[in-house]
Every structure is written in structure tokens, then in C-alpha cells.
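Engineer: This is the structure I want to talk about, given as C-alpha cells.
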Ligand SMILES: Cc1cc2nc3c(=O)[nH]c(=O)nc-3n(C[C@H](O)[C@H](O)[C@H](O)COP(=O)(O)O)c2cc1C
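In our numbering, the protein residues as written are 168 to 385.
What follows is the structure, given as C-alpha cells:
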């Protein structure tokens, strides 16, 4: 069991975050989750999840929502802890706390810019800063279109600093049949980059038409 940090910010793509969280919990990991105020807004809009009340109530709301549809085995596996966005005294604020890796999913251009400058104005940015300085895995899942030169420069800075830029750009070559397939294609790659084995997406086995033609020939 490892501890992973997940930051959800105010970019479009809350379904990716939900699937990554489900994957980590199903694999039995401990997740420290931080959601920015804009991230809460987007989650509400995109997933219909209402966040209100005291922190603990919110945590159980997140859990109930995230584990919806997962079986009891998966439910028994991992644990989720919701940390306050401005709690700089949280464990993950310090390099001495050994989390295995972090993903910012989805990552807004604002958070991306602040991580790239080392601004650390909130717990998501601070934990990302810690991941970079401690040479731990940091997966950034940016979402914006079109991208300005400023966005592109910030991504280059982060890639040079050791972060992995994994854009929310679903592929169509595996012939996705549903929105879930598209979401899983990205979430599965995020989990893989965090070192969490998963079968959320199909690995490319070569052109299916070429393979079929070969079988017919034989
Ligand atoms: C519905 C909705 C969708 C948004 N989508 C994006 C997006 O895809 N990318 C982005 O950079 N910002 C997006 N924004 C704007 C960010 O939420 C805004 O810049 C915010 O300040 C980001 O704050 P944060 O980085 O602290 O989460 C969106 C906002 C809303 C309400």
C-alpha cells in the first residue's frame, strides 16, 4: 500500500479524476485528495456532486460518490482522506512525508503556471513543488484548448523540472465505444505513470485490419 496525492483543479475533466481515484482505491492505496475551490465548482457542474458542510461530511460524500458502482472488495482496499485546500500544515506540505507520487488531474492553466513558477499558494501547488524537489513522480494532466505560448512554455518548464505532462487527449485508434472508454484511456495512463498496474485501457496490438487479413491468409 502506497500513499498518493491527487489534486483536482478547475479545468474541465472531473470524470478523469474520479476514475483515477477509483483506480487507486481499488488497488488498495491511500489517497490524500485536495480539491481547489474552482475544482469543486467544475466537479459540481460535470459530475453533479454537491460538496457542502463540515470537512468530514464532505469526505464521506466524496467517498460515497467515488465508490459508487465499485464492488465490496475494491471498497475494502484503499482509503481516501480529503485535505483542506489551504492547509499548509498538512503532512504532504513537507518533503519529509514520503508520498509515492502525485497527479494533478485535471490541471488548470492557472495551477500549471503556479506550479511552474514554484508559487505554492495552496496545498496542491505546495505538494507538487515537494514532489518536484524530492524527485518523486508528478503527473500533470492539463486541459485547455487552444493553448497559448504561455501555456506551452509553462508545460516545457514543468517537463524540464521533472514533471510528466500527460494531456487529457483521448485517442480513438482503439475504437472506443463509450465516453467511459475515452475517460478510462486517460485515467489508465495516469495510473500507469504513477506506477499502478491497471487494465482500464487496451494496449495497442497492431492494426486490427492487418491482423485480420493475416489470419484469413493463413
Ligand atoms: C466549467 C468550467 C470549466 C473550466 N475549464 C477550464 C479548462 O478546461 N482549463 C482551464 O485552464 N481553466 C478552466 N476553467 C477556469 C478555471 O477554473 C479558473 O482559471 C480557475 O481560476 C482555476 O483555479 P485553480 O487552478 O485554483 O483550480 C474552467 C472553469 C469552469 C467553471
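Don't be surprised by glycine CBs; every beta carbon is placed ideally from N, CA and C.
Model, not experiment: these values are computed from the prediction.
Assess contact between the stretch 282–294 and the stretch 247–265, defined as three or more Cβ pairs (one per stretch) separated by less than 8 Å. Is contact present?
Structural biologist: Counting Cβ pairs under 8 Å, three or more are found: they touch.
Engineer: Count the other CB atoms within 10 Å of the CB of residue 203; is the residue buried (16 or more) or exposed (fewer)?
Structural biologist: On the chain shown, position 36 is the one that residue 203 refers to. Buried.
Engineer: For residue 221 and residue 176, what's the separation of their Cα atoms in angstroms?
Structural biologist: To locate residue 221, count along the chain shown from 1; it is residue 54. To locate residue 176, count along the chain shown from 1; it is residue 9. Caution applies to residue 221, whose pLDDT of 47 falls short of 50 and renders its modelled position unreliable; the value that the coordinates give is listed next. For residue 221 and residue 176, the distance between alpha carbons rounds to 20 Å.
Engineer: Hey, would you say residue 294 sits closer than 7 Å to residue 332, going by beta carbons?
Structural biologist: The residue labelled residue 294 in the question sits at position 127 within the chain shown. The residue labelled residue 332 in the question sits at position 165 within the chain shown. No; because the gap between Cβ atoms is not below 7 Å, this pair is not in contact.
Engineer: Closest to residue 275 by C-alpha separation, out of 338, 321, 328 and 267, would be which residue?
Structural biologist: Here residue 275 refers to the residue found at position 108 of the chain shown. The option with the nearest alpha carbon to residue 275 is 321.
Engineer: Please state whether DSSP places residue 248 in a helix, a strand or coil.
Structural biologist: For the purposes of this step, residue 248 is taken as the residue at position 81 of the chain shown. Three-state result, residue 248: strand.
Engineer: At which residues does the alpha helix (DSSP H) containing residue 182 begin and terminate?
Structural biologist: By 1-based counting over the chain shown, the position of residue 182 is 15. Segment 181–193, the alpha helix (DSSP H) holding residue 182.
Engineer: Within its chain, find whatever has a CB closer than 6 Å to the CB of residue 443; leave out the 5 residues flanking it on each side and keep chain order.
Structural biologist: This structure leaves residue 443 out entirely; the chain is present only between 168 and 385.
Engineer: Are the Cβ atoms of residue 213 and residue 181 separated by less than 7 Å?
Structural biologist: Counted from its first residue, the chain shown places residue 213 at position 46. Counted from its first residue, the chain shown places residue 181 at position 14. In this structure, residue 181 lies closer than 7 Å to residue 213 by Cβ.
Engineer: Please report the distance separating the alpha-carbon of residue 375 from that of residue 190.
Structural biologist: Mapped onto the chain shown, residue 375 falls at position 208. Mapped onto the chain shown, residue 190 falls at position 23. Near 28 Å, if we compare the C-alpha coordinates of residue 190 and residue 375.
Engineer: Helix or strand or just coil, what does DSSP make of residue 375?
Structural biologist: Taking the first residue of the chain shown as position 1, residue 375 is located at position 208. Residue 375: helix per DSSP, three-state reduction.
Engineer: For ligand 1, is there any heavy atom lying closer than 6 Å to the beta carbon of residue 310?
Structural biologist: For the purposes of this step, residue 310 is identified with residue 143 of the chain shown, where counting begins at 1. Yes, the beta carbon of residue 310 sits closer than 6 Å to at least one heavy atom of ligand 1.
Engineer: Need the endpoints of the alpha helix (DSSP H) that residue 316 sits in, please.
Structural biologist: For the purposes of this step, residue 316 is identified with residue 149 of the chain shown, where counting begins at 1. Unbroken alpha helix (DSSP H) run through residue 316: 316–327.
Engineer: Alpha carbon to alpha carbon, how far is residue 249 from residue 365?
Structural biologist: Locating residue 249 in the chain shown gives position 82, where the first residue counts as 1. Locating residue 365 in the chain shown gives position 198, where the first residue counts as 1. So the alpha carbons of these two residues sit roughly 24 Å apart.
Engineer: Per DSSP, which residues does residue 304 bridge with? Please list them.
Structural biologist: Position 137 of the chain shown, counted from the start, is the residue given in the question as residue 304. Looking at the DSSP assignment, residue 304 forms a beta bridge with 268.
Engineer: Using a Cβ-based criterion (distance less than 6 Å to any ligand heavy atom), does residue 284 qualify as near ligand 1?
Structural biologist: Residue numbering aside, residue 284 sits at position 117 when the chain shown is read from its first letter. For ligand 1, not one heavy atom lies less than 6 Å from the Cβ of residue 284.
Engineer: DSSP three-state label for residue 204, please.
Structural biologist: Translated into positions along the chain shown, residue 204 becomes position 37. Correct three-state label for residue 204: helix.
Engineer: Excluding the 5 residues flanking residue 238 on each side, which residues of the same chain have their C-beta closer than 8 Å to its C-beta?
Structural biologist: Counting from one through the chain shown, the residue named residue 238 turns up at place 71. Only weak support is given to the placement of residue 238: the predicted model assigns it a pLDDT of 49, under 50, and the value that follows is read from those uncertain coordinates. Correct list: empty, nothing qualifies.
Engineer: Taking only three categories from DSSP, how would you classify residue 363?
Structural biologist: Position 196 of the chain shown holds residue 363. Coil at residue 363, not helix or strand.
Engineer: Do you know offhand how far residue 315's Cα is from residue 309's?
Structural biologist: Counting from 1 along the chain shown, the entry for residue 315 is found at position 148. Counting from 1 along the chain shown, the entry for residue 309 is found at position 142. Straight-line Cα distance between these residues: approximately 13 Å.
Engineer: Just mark residue 383 as buried or exposed, buried being the case when its beta carbon has 16 or more other beta carbons within 10 Å.
Structural biologist: Looking up residue 383 in the chain shown gives position 216. Counting Cβ neighbours within 10 Å, residue 383 comes out exposed, since fewer than 16 surround it.
Engineer: Classify residue 170 as buried or exposed, calling it buried when 16 or more other Cβ atoms lie within 10 Å of its own Cβ.
Structural biologist: As a working note, residue 170 is residue 3 in the chain shown. Buried, since its Cβ has 16 or more Cβ neighbours within 10 Å.
Engineer: Measuring CA to CA, which of 172, 199, 369 and 292 is closest to residue 387?
Structural biologist: Only positions 168 to 385 of the chain appear in the structure, and residue 387 is not among them; the question remains open.
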